[in-house]
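Protein chains in written order, with my numbering: chain G, 44 to 345; chain P, 831 to 1106.
We put the beta carbon where it would ideally sit given N, CA and C, even for glycine.
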């Protein structure tokens, strides 16, 4: 016991050794619960394994061959792409519009900012439940409003054509405040003197926006676009709450499919679910790297 | 110069106002509907305001319809447990990276940055297997331990410690404090706002998380608010009124904290933007 204490004391009085003690808890947790699982995903994707962990044998590349012929996987990938291609531009546009207006630190604008951010602190579960009620085909208040505007009285979340656009709009509604805050931080970093110089040159507000705001905002904007895209490729919560992937799997995304394969559909195939995870990871990695490259080129060319 | 109303200004002000209504309307509907009777909620055609008057029945009934108290308790234990442990461990690691010279500092921090980029979905299945093998699936430890440190937290705390004045530690060393005392008594109190920022970031994300607690819990008694409410709504087993009341109860804690500590919610996001 006393040798333990002496040992600890000798380490704690030397910064170069104490550092390892400071790092120990985090290093342990991150290794066991992040690094090992990431590597293990690759391993499990090559194995036959179910959720009860009763059997585990080598499957080779079988799961990846299965993936190529799995129509439901391609459907999920298509749905995810549909979601990302529409959702990301809408969200970035809405948050940019809001950010430009509320970036100045006046009382009224600060108030607007905190209101726009409100949905972002709520869970998708709560927001999803509220929106499903609002869009109910019979008792939904918004179904009624839309009917009065000339839309048909349909269940927007139960219609194969309308379900995905509805999920997309609701996602934009919930998350644009979050990206708006990122962009506001970027806008506030632009020195005011740039605008003053442009005003002396007689530039109007549109020319100032295109000539100063957008180029100066590229770093924040690129971060926003990349993180929003990564988030869109991982979409799960809102689909799980509002449509469970339906109707007719029209809103089943890749992550929802991973969850279904591994945890909610017999035979609870963890090996196959891991193979889909690996595929998703590769897609995210390639997209992130190429977008990063595109934006870095943009930044240096400006 | 007098203020001039150009068409552009009017258009942008109008769209900002429309956006305001779009954000606030569903939120107020949720708030008002909590106090509607079941008949009001099911009435056709629906209306924004109640016609039968206001009632507190939904908030009385919801506790009997679903194990909301259990959900609430589980969410508090999970989210607060993760927050406390992670802020402590992340600040220790961030401190080491920021202020201490040691072998391996550079590559270990690079490893942290890479870890930060890995999406949860990529590792969730082996994580599930691991937690199961450790025998802590469907327990509080199984929920808390895998999240007890976060790469983003280390990154964030490091950036706070780096900005403290140089050689601050020397006075502590001269006073005969050991390295842990220097961190705990001298440096950590100066990073209080960093700890609050990270704490709120972690609290919000874990409180609202769905997929992770859904995987890590299997019995109704262990479900968090997000995961538990989804199950009950999916089954459509309870009435509209109590469902809305449960939803509101699940939102209230974060909304209350948001009212008093708004800037910390935003600070975490602004910092996450830095890493890009």
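**OP:** Using the Cα positions of residue 898 of chain P and residue 1055 of chain P, report the straight-line distance between them to the nearest angstrom.
**Re:** 8 Å
**OP:** Scan the segment 168 to 185 of chain G for residues whose Cβ lies nearer than 9 Å to a Cβ of chain P and list them as they occur along the chain.
**Re:** 168, 169, 170, 171, 172, 173, 174, 175, 176, 177, 179, 181, 182, 183, 184 and 185
Original post:
Just reading off the beta strand (DSSP E) that residue 100 of chain G is part of, what are its end residues?
Top reply: 99 to 101
**OP:** Write down every uninterrupted run of the beta strand (DSSP E) in the segment 88 to 130 of chain G whose length is 3 residues or greater and which is fully enclosed by it, in chain order.
**Re:** 90 to 92 and 99 to 101
Original post:
Going by the CB atoms, is the gap between residue 292 of chain G and residue 118 of chain G shorter than 8 Å?
Top reply: yes
Original post:
What number of angstroms, rounded off, separates the C-alpha of residue 216 of chain G from the C-alpha of residue 57 of chain G?
Top reply: 52 Å
Original post:
chain P beta carbons: is any one of them nearer than 8 Å to that of residue 313 of chain G?
Top reply: yes
Original post:
Who are the neighbours of residue 945 of chain P on chain G, taking C-beta pairs under 8 Å?
Top reply: 73, 77 and 78
**OP:** Flag residue 840 of chain P as yes if its beta-carbon sits less than 8 Å from any beta-carbon of chain G, otherwise no.
**Re:** no
Original post:
Would a check of beta-carbon distances place residue 995 of chain P closer than 8 Å to chain G?
Top reply: no
Subject >> Extent of the continuous alpha helix (DSSP H) to which residue 926 of chain P belongs >> reply: 898 to 929
**OP:** Would you identify the three-state DSSP class for residue 1106 of chain P, choosing helix, strand or coil?
**Re:** With a pLDDT of 42 at residue 1106 of chain P, under the threshold of 50, the predicted position of this residue should be treated as unreliable, though the coordinate-derived value follows. The answer is coil: DSSP assigns residue 1106 of chain P none of H, G, I, E or B.
Original post:
Touch check for the segment 840 to 853 of chain P and the segment 139 to 158 of chain G: three-plus C-beta pairs under 8 Å?
Top reply: yes
Subject >> 4 or more residues per run - each alpha helix (DSSP H) lying fully within the segment 971 to 1033 of chain P >> reply: 981 to 992 and 998 to 1004
Original post:
For residue 120 of chain G, which residues of its own chain have a beta-carbon under 7 Å away from its beta-carbon, when the five flanking residues on both sides are left out?
Top reply: 297
**OP:** With 8 Å as the threshold, decide whether the Cβ of residue 277 of chain G is near any Cβ in chain P.
**Re:** yes
**OP:** Using a Cβ cut-off of 8 Å (strictly closer), state whether residue 1061 of chain P contacts chain G.
**Re:** no
**OP:** Please name the residue, chosen from G:206, G:258 and G:267, that lies closest to residue 288 of chain G on a Cα-to-Cα basis.
**Re:** G:206
**OP:** Can you tell me which of G:105, G:55 and G:94 puts its alpha carbon nearest to the alpha carbon of residue 1048 of chain P?
**Re:** G:94
**OP:** May I ask you to report which of helix, strand or coil DSSP gives residue 312 of chain G?
**Re:** strand
Original post:
Under the three-state reduction of DSSP, which class applies to residue 148 of chain G: helix, strand or coil?
Top reply: coil
Original post:
Could one say the Cβ of residue 132 of chain G lies closer than 8 Å to chain P's Cβ atoms, at least one of them?
Top reply: no
**OP:** Evaluate the contact criterion for the segment 886 to 902 of chain P versus the segment 193 to 210 of chain G: three or more CB pairs, one atom per stretch, below 8 Å.
**Re:** no
**OP:** Report buried or exposed for residue 1019 of chain P, applying the criterion of at least 16 other Cβ atoms within 10 angstroms of its Cβ.
**Re:** exposed
Original post:
Can you find a CB in chain P that lies within less than 8 Å of the CB of residue 21 of chain G?
Top reply: Lying outside 44 to 345, the shown extent of chain G, residue 21 of chain G is not represented and no answer is given.
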